[in-house]
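Position in the sequence shown counted from 1, then plus 1298, gives you the working numbering. Working notes for the structure below.
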Amino acid sequence: MWKMQLVVANAMAWDANPEYPYQKEQGVGAIIGLALLYLWTGRHALMDILRRAWAGRWMPTAPIPEAISERTTFAGVCLGLVGLVVFCTIAGMEAWVAILFLGFTWQRSSL
1299 MWKMQLVVAN
1309 AMAWDANPEY
1319 PYQKEQGVGA
1329 IIGLALLYLW
1339 TGRHALMDIL
1349 RRAWAGRWMP
1359 TAPIPEAISE
1369 RTTFAGVCLG
1379 LVGLVVFCTI
1389 AGMEAWVAIL
1399 FLGFTWQRSS
1409 L
């Protein structure tokens, strides 16, 4: 598809900017779009998991009992993310940049 963009850009004389098709920007937009799509399509399952983690006990809607409860898993993920943000902040990143970086990295790894 992007080759067609190059052909159209050349025909319309839009190729004066060497970065024209903006492949990196389109890639980031696609990643953000996929992340939002994954969160939207999995919202019911994610809310069910969060509900069970918040309750802290086995619920009738839960699948077979796991070795580690949802609450323990959720707490571990949260503590791990906080630890990574602290580590990145100590390394010299701003906290908001570290959160954004870890969010993009986590979403990218789930593709």
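We put the beta carbon where it would ideally sit given N, CA and C, even for glycine.
- Distance from the CA atom of Thr1371 to the CA atom of Phe1385, rounded to whole angstroms, is 21 Å.
- About 6 Å separates the Cβ atoms of Arg1406 and Ile1329, confirming a contact at the 8 Å cut-off.
- Under the 8 Å Cβ criterion, the region 1315-1334 counts as touching the region 1395-1406, having at least three qualifying pairs.
- Approximately 11 Å separates the beta-carbon atoms of Pro1316 and Leu1304; this is outside 8 Å, ruling out the contact.
- Glu1368 places its beta carbon 9 Å or farther from that of Ala1343.
- Note on Ala1396: 16 or more other CB atoms within 10 angstroms of its CB, so buried under the neighbour-count rule.
- The straight-line gap separating the alpha-carbon atoms of Lys1301 and Gly1378 is approximately 42 Å.
- For Ile1347, same chain residues with a beta-carbon under 7 Å away, outside a window of 5 residues either side, are Glu1368 in chain order.
- If you look at Met1345, you'll find it in the alpha helix (DSSP H) that goes 1341-1353.
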